[in-house]
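Per our numbering, the sequence shown starts with residue 590, numbered consecutively.
Note that the Cβ used here is the ideal one computed from N, Cα and C, for glycine as well.
Since this is a predicted model, take the numbers as computed values, not measurements.
Comments concern the structure below.
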Amino acid sequence: MVKYQLRDRGIKDERVLTAMSKIPRHQFIDSSWQDLAYSDRPLPIGHNQTISQPYIVAYMSEAAEIFPGDRVLEIGTGCGYQAAVLGELAQEVYSIEVIPQLAQRARHILSQLNYQNIN
(Lines of atoms letter the chains of each structure in order from A; the text may use other names.)
(Lines give C-alpha, C1' and ligand atoms only; values in the text may rest on other atoms or scores of the structure.)
Protein backbone atom coordinates (compact mmCIF):
# COMPACT_ATOMS: atom_id res chain seq x y z
CA MET A 590 0.00 0.00 0.00
CA VAL A 591 2.68 2.51 0.99
CA LYS A 592 4.84 2.12 -2.10
CA TYR A 593 2.22 1.99 -4.84
CA GLN A 594 -0.65 4.01 -3.39
CA LEU A 595 1.21 6.63 -1.42
CA ARG A 596 4.90 7.07 -2.27
CA ASP A 597 4.40 6.62 -6.03
CA ARG A 598 1.59 9.21 -5.91
CA GLY A 599 3.74 11.88 -4.29
CA ILE A 600 3.48 11.40 -0.53
CA LYS A 601 6.99 12.22 0.71
CA ASP A 602 6.76 12.70 4.48
CA GLU A 603 8.56 9.67 5.91
CA ARG A 604 6.75 9.98 9.23
CA VAL A 605 3.39 9.75 7.46
CA LEU A 606 4.57 6.81 5.35
CA THR A 607 5.90 5.01 8.43
CA ALA A 608 2.66 5.59 10.33
CA MET A 609 0.57 4.32 7.43
CA SER A 610 2.69 1.17 7.11
CA LYS A 611 2.49 0.49 10.86
CA ILE A 612 -1.27 0.83 11.40
CA PRO A 613 -3.39 -2.28 10.69
CA ARG A 614 -6.17 -0.71 8.58
CA HIS A 615 -8.02 -4.03 8.44
CA GLN A 616 -8.77 -3.78 12.17
CA PHE A 617 -10.80 -0.61 11.62
CA ILE A 618 -13.29 -2.15 9.17
CA ASP A 619 -15.95 -4.84 9.24
CA SER A 620 -14.78 -8.37 8.51
CA SER A 621 -16.92 -8.49 5.36
CA TRP A 622 -14.60 -5.87 3.79
CA GLN A 623 -11.28 -7.42 4.91
CA ASP A 624 -10.20 -8.37 1.39
CA LEU A 625 -10.33 -4.68 0.41
CA ALA A 626 -8.80 -3.28 3.60
CA TYR A 627 -5.63 -2.05 1.91
CA SER A 628 -7.14 -0.98 -1.40
CA ASP A 629 -7.12 2.72 -2.17
CA ARG A 630 -10.82 3.29 -1.76
CA PRO A 631 -13.23 4.35 0.94
CA LEU A 632 -15.05 1.49 2.67
CA PRO A 633 -18.30 1.51 4.67
CA ILE A 634 -18.00 1.54 8.46
CA GLY A 635 -21.72 1.73 9.24
CA HIS A 636 -24.17 4.55 9.95
CA ASN A 637 -23.79 5.83 6.36
CA GLN A 638 -20.11 6.64 7.01
CA THR A 639 -16.90 5.45 5.39
CA ILE A 640 -13.24 5.05 6.23
CA SER A 641 -11.32 7.36 3.91
CA GLN A 642 -9.11 5.88 1.23
CA PRO A 643 -5.45 5.58 2.31
CA TYR A 644 -4.17 8.18 -0.16
CA ILE A 645 -6.57 10.83 1.21
CA VAL A 646 -5.56 10.03 4.81
CA ALA A 647 -1.87 10.32 3.88
CA TYR A 648 -2.42 13.50 1.84
CA MET A 649 -4.31 15.24 4.66
CA SER A 650 -1.80 14.08 7.26
CA GLU A 651 1.14 15.32 5.20
CA ALA A 652 -0.56 18.64 4.42
CA ALA A 653 -1.23 19.25 8.13
CA GLU A 654 2.54 19.32 8.82
CA ILE A 655 2.17 17.73 12.26
CA PHE A 656 5.20 17.70 14.54
CA PRO A 657 5.91 15.29 17.43
CA GLY A 658 5.05 17.82 20.16
CA ASP A 659 1.78 18.96 18.58
CA ARG A 660 -1.73 18.58 19.94
CA VAL A 661 -4.27 17.86 17.21
CA LEU A 662 -8.07 18.16 17.08
CA GLU A 663 -9.90 15.83 14.70
CA ILE A 664 -13.58 16.39 14.00
CA GLY A 665 -15.31 13.17 12.96
CA THR A 666 -13.54 10.16 14.42
CA GLY A 667 -15.44 7.64 12.34
CA CYS A 668 -13.73 4.29 12.84
CA GLY A 669 -10.60 5.86 14.35
CA TYR A 670 -8.14 5.13 11.52
CA GLN A 671 -7.23 8.77 10.85
CA ALA A 672 -6.93 9.31 14.61
CA ALA A 673 -4.43 6.44 14.75
CA VAL A 674 -2.35 8.05 11.99
CA LEU A 675 -2.48 11.37 13.82
CA GLY A 676 -1.55 9.56 17.03
CA GLU A 677 1.64 8.35 15.39
CA LEU A 678 2.53 11.90 14.35
CA ALA A 679 1.46 14.09 17.28
CA GLN A 680 1.93 14.10 21.03
CA GLU A 681 -1.82 14.23 21.70
CA VAL A 682 -4.95 13.80 19.59
CA TYR A 683 -8.43 14.91 20.58
CA SER A 684 -11.03 13.34 18.32
CA ILE A 685 -14.76 14.08 18.38
CA GLU A 686 -17.49 11.82 16.96
CA VAL A 687 -21.23 12.60 17.08
CA ILE A 688 -22.40 9.05 16.31
CA PRO A 689 -22.17 7.22 19.66
CA GLN A 690 -21.79 3.75 18.14
CA LEU A 691 -18.85 4.85 15.98
CA ALA A 692 -17.24 6.68 18.90
CA GLN A 693 -17.52 3.59 21.12
CA ARG A 694 -16.12 1.27 18.45
CA ALA A 695 -13.23 3.63 17.66
CA ARG A 696 -12.36 3.92 21.37
CA HIS A 697 -12.32 0.13 21.63
CA ILE A 698 -10.08 -0.37 18.59
CA LEU A 699 -7.68 2.41 19.55
CA SER A 700 -7.46 0.99 23.07
CA GLN A 701 -6.72 -2.50 21.71
CA LEU A 702 -3.93 -1.00 19.61
CA ASN A 703 -2.60 0.76 22.73
CA TYR A 704 -3.03 4.36 21.55
CA GLN A 705 -2.86 6.16 24.87
CA ASN A 706 -2.37 9.62 23.36
CA ILE A 707 -5.78 9.71 21.63
CA ASN A 708 -8.75 11.12 23.54
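At what residue ranges does the stretch 607–681 contain a whole run of the alpha helix (DSSP H), taking only runs of 4 or more? 643–652 and 670–678
Element boundaries [alpha helix (DSSP H), containing Ile698]: Pro689 to Gln701
In whole angstroms, give me the CA-to-CA distance for Glu663 and Ala672. 7 Å
Cβ separation of Arg660 and Gln680, assumed to be a contact under 8 Å, to the nearest whole Å: 6 Å
Going by Cα to Cα distance, which pick from Ser628, Leu678, Thr639 and Ile640 is closest to Glu654? Leu678
Would you identify the three-state DSSP class for Tyr704, choosing helix, strand or coil? coil
Check whether chain E comes within 8 Å of Tyr648, counting only Cβ atoms and requiring the distance to be less than that. As a matter of chain content, chain E is missing from the structure shown, which is built from one protein chain.
Determine, using beta carbons only, whether Ile707 and Leu699 come nearer to each other than 8 Å. yes
Beta-ladder partner(s) of Tyr683, from DSSP: Leu662
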